[in-house]
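Quick note, the sequence shown lines up with residues 1 to 360 if you use my numbering.
Glycine included, every Cβ here is placed at the ideal spot set by N, Cα and C.
Here the structure is a predicted model, which is why all the values come from computation and not from measurement.
Here the structure is laid out as structure tokens; the discussion comes afterwards.
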Amino acid sequence: MNEKINMSSKTRIKWLDGVRALAVLSVVLCHCTEAIYRINAADMLKLSPLSETAAVIYFTAGRLGVPFFLMISGYLLLDRKYTSEDCLRFWKTRCLRLLVCTEIWIVIYRFFFSVLAGTVPDWKVLIGEMLFIRSASVSHMWYMPMILGMYILIPFAANALQTLDKRLTAAATAVYSVFAFGYPMLVSVLDIFKTEYGLSLQFSEGFSGGIYGIYLILGYLVKKGLFKNCKSYVLVSVSLISFLGTAAFQMWAFGRGYTFKLWYTFPLLGLAALLIFVWFSRIKEIPFYTAVRFVAGYSFAVYLIHNIFRRILIEPVVRLGIPRPAGVLLLSACVLVTSFAAVWLISRIPKAGKFILYTK
């Protein structure tokens, strides 16, 4: 998720910092929306049109975060050649440290939720989580074993991509995308209409890395300039239409009594994320860059810690009795402020940042 960059480096890619900052804000917004609202058809239909629309817009914006992070990784890591020494160094500096960081946070969250519940941690569950054979105790930690699996094969994928023309890579990616994005949407539409077709995807997405690998490759293709001839007004227009189409699809599904859980396989969401990423790549100067750089530099650390503060702050915010759309924004702001303050303080502790927060 977080391609670590020295905070004082003069070689930072400013627009990538902009995307990284936007990504972590999106993730926090997504999880705070889920804390305030229940994203299912039964509960959504009880809301006023304004509140339902706000919930869906917030949730859709929040779902852009992970595609942004993956495309950043693809942009930075796939456009290079890895020797055997480079591969070993990558595994040591990225994969091993990320593994240690992941295990630390699995333990932290397991003990945190046990303390809240007044129970003793279940060691069998904890060991299963640490071995990646059980779901983690907190939802956002699903990303960690996924990106670890991707990182292990990054050097091999990068070396293979260097031998291919970008148009061939794009063509293969398009084929895989038809199944990775199209099939889940087809199933959802058939389910909404209560149509029984007994579908079962037979096409193997193997070497594509599935939906997450496709986002990595899309980031690489942006780096190679595949979308450079697309007009900026087209990028903005189509990304907005795709975003609103994603929101509209969810509301349509809820209206028919179907609980559609938006995921990264939804084609319009993926298209919106890609086009926004391409548009950012054309920005020469990022407004308020000092603040953006700070947010970007601690983005992964905030991703790791923010659910602790979300859990602590949700009840005080709900007790205020303010409308839920405002509650989501207030909770998001409070979680962001406390999370950034916490990671900044932790990073001051010698070596803590390196192992706990996965920073340099």
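Quick check on DSSP: helix, strand or coil for residue i?
i	result
Pro-338	The question names Pro, yet the displayed sequence has Thr at residue 338. Looking at Thr-338 - three-state DSSP - the assignment turns out to be helix.
Gln-202	coil
Glu-129	helix
Val-229	At residue 229 the sequence reads Asn, which differs from the Val that was named. Asn-229: coil per DSSP, three-state reduction.
Asp-17	helix
Gly-327	helix
Glu-196	coil
Arg-293	helix
Ser-9	Low confidence applies here, because Ser-9 scores a pLDDT of 48, under 50, leaving its location unreliable; read the following figure in that light. Of the three classes helix, strand and coil, the one that applies to Ser-9 here is coil, per DSSP.
Pro-287	coil
Gly-257	coil
Asp-191	helix
Using the beta-carbon count (16 or more within 10 Å), is residue i buried or exposed?
i	result
Phe-254	buried
Thr-93	exposed
Gln-162	exposed
Tyr-264	buried
Ile-127	exposed
Val-17	It is worth fixing the name first, because residue 17 is Asp in this sequence and not Val. The residue is buried, with at least 16 neighbouring Cβ atoms inside 10 Å.
Asn-307	buried
Gly-270	buried
Glu-315	exposed
Check whether the Cβ atoms of residue i and residue j sit closer than 8 Å, and answer yes or no.
i	j	result
Asp-79	Tyr-220	yes
Met-71	Leu-218	yes
Leu-331	Val-317	yes
Ser-239	Arg-282	no
Tyr-82	Ala-158	yes
Val-24	Val-295	yes
Val-100	Phe-355	yes
Thr-60	Thr-246	yes
Arg-256	Ile-192	yes
Ser-339	Ile-305	yes
Ile-106	Ala-136	yes
Cys-32	Val-328	yes
Under DSSP, the alpha helix (DSSP H) around residue i begins and ends at which residues?
i	result
Val-107	97 to 117
His-140	Careful: His-140 lies outside any alpha helix (DSSP H) and carries neither H nor E.
Asn-40	Where Asn-40 is concerned, there is no enclosing alpha helix (DSSP H), given that its DSSP letter is neither H nor E.
Gly-74	65 to 77
Phe-300	299 to 319
Ile-211	210 to 223
Thr-53	49 to 62
Ile-349	Where Ile-349 is concerned, there is no enclosing alpha helix (DSSP H), given that its DSSP letter is neither H nor E.
Pro-267	267 to 280
Val-355	The identity of residue 355 in the sequence shown is Phe, whereas the question assumes Val. No alpha helix (DSSP H) contains Phe-355, which DSSP labels as neither H nor E.
Phe-207	No alpha helix (DSSP H) holds Phe-207; DSSP gives it neither H nor E.
Flag residue i as yes if its beta-carbon sits less than 8 Å from any beta-carbon of chain B, otherwise no.
i	result
Val-100	Among the chains of the structure shown, chain B does not appear; only one protein chain is present.
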